[in-house]
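**Q** Pasting in a structure now, in structure tokens, and then I'll have a few things to ask.
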Amino acid sequence: RAKALDYLVYGELLALLEPTNDVPSLSGTWNKPGGDGPVTLKAVQGALWKGTDGSAGVFLANADTQPHPFSFEVDAQSHGLGPSDNWSVKRITSSEMTSAPPQEGNRFDYTIEVPGRDAVLVVFRPETKP
6 RAKALDYLVY GELLALLEPT NDVPSLSGTW NKPGGDGPVT LKAVQGALWK GTDGSAGVFL
66 ANADTQPHPF SFEVDAQSHG LGPSDNWSVK RITSSEMTSA PPQEGNRFDY TIEVPGRDAV
126 LVVFRPETKP
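Right under this line is the structure:
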């Protein structure tokens with residue numbers, strides 16, 4: 006979580022992301038003000054955040070014990086991100102940070118495998134032109 010401070014603490018929540026692929030659902034019981042009740046949610050939840058430096062952070066959390074792919078689309082300009090023709094991409098997990106192939110344009114169509122009982126932060130940073 007410390008690696009995501011610029012988004013989750015100091016950033017701005019822009020949107021909850023709906024998967025564009027089939028993500029399984031999990032059912033359980035939640036403690037609610039009116040008493041315990043059933044709930045069914047997607048195993049992987051996603052949200053788009055704007056970082057303090059203007060970058061985009063997609064935070065994905067998997068509540069299942071099994072890994073699941075999560076596909077999403079983001080229109081950067083409609084969320085006030087960019088404009089940029091090229092975006093560098095980093096994947097950040099609890100154990101590592103890796104570079105991913107850059108994204109072109111202002112619309113991201115992206116798929117990432119989210120490990121079971123874990124979270125991933127995908128950072129899209131606009132590349133400046135020389």
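Numbers 6 to 135, taken from this note's numbering, label the letters of the sequence shown in order.
Glycine included, C-beta positions come from ideal geometry on N, C-alpha and C.
Going by DSSP, which residues form a beta bridge with glutamine 50?
**A** Your numbering for residue 50 matches position 45 in the sequence shown. In the DSSP output, where bridge partners are listed per residue, glutamine 50 has Ala66.
**Q** How many Å lie between alanine 61 and leucine 21 at the Cα?
**A** Taking the first residue of the sequence shown as 1, we reach residue 61 at position 56. Taking the first residue of the sequence shown as 1, we reach residue 21 at position 16. Looking at the two C-alpha atoms, the distance is approximately 13 Å.
**Q** Out of Pro131, Ala7, Val125, point me to the one whose CA is closest to alanine 68's CA.
**A** On the sequence shown, position 63 is the one that residue 68 refers to. It is Val125.
**Q** Should the stretch 82-102 be called in touch with the stretch 115-131, which here means at least 3 C-beta pairs below 8 Å?
**A** They touch, by the three-pair rule.
**Q** Out of Pro43, Thr103, Ile117, Glu109, which one is the CA nearest neighbour of lysine 8?
**A** Along the sequence shown, one-based indexing puts residue 8 at 3. Measuring from the Cα of lysine 8, the nearest candidate turns out to be Thr103.
**Q** Could you pull out every residue in the same chain whose Cβ sits closer than 7 Å to the Cβ of phenylalanine 77, ignoring the five residues on either side in sequence?
**A** In the sequence shown, counting from the first residue as 1, residue 77 sits at position 72. Leu22, Pro24, Thr25, Gly51, Val63, Tyr115.
**Q** What first and last residue would you give for the alpha helix (DSSP H) that runs through leucine 31?
**A** Taking the sequence shown and counting its residues from 1, one reaches residue 31 at position 26. Unbroken run through leucine 31 is the beta strand (DSSP E), 30-35; no alpha helix (DSSP H).
**Q** Output the residue ranges of the beta strand (DSSP E) runs that lie fully inside the stretch 79-123 and measure 3 residues or longer, sorted by chain position.
**A** For the stretch 79-123, whole beta strand (DSSP E) runs of length 3 or above, ordered along the chain, are 91-97, 102-109, 112-119.
**Q** Ordered along the chain, which non-local residues of its own chain (more than five positions away) have a Cβ less than 7 Å from that of glycine 121?
**A** The residue labelled residue 121 in the question sits at position 116 within the sequence shown. Here the set comprises Asn67, Asp69, Thr70, Gln71, Pro72.
**Q** Would you kindly work out how many angstroms separate the C-alpha atoms of proline 88 and glutamate 17, rounded to a whole number?
**A** Looking up residue 88 in the sequence shown gives position 83. Looking up residue 17 in the sequence shown gives position 12. Going by the C-alpha atoms only, they are around 18 Å apart.
**Q** Leaving out five residues before and five after valine 119 in sequence, what residues of the same chain have Cβ atoms less than 7 Å from its Cβ?
**A** Here the question's residue 119 lines up with position 114 in the sequence shown. Result list for valine 119: Val49, Leu65, Asn67, Pro72, His73, Phe75, Val125, in chain order.
**Q** If we ignore side chains and look at the alpha-carbon of each, how far apart do alanine 105 and glycine 42 end up?
**A** Taking the sequence shown and counting its residues from 1, the one referred to as residue 105 is at position 100. Taking the sequence shown and counting its residues from 1, the one referred to as residue 42 is at position 37. Straight-line Cα distance between these residues: approximately 41 Å.
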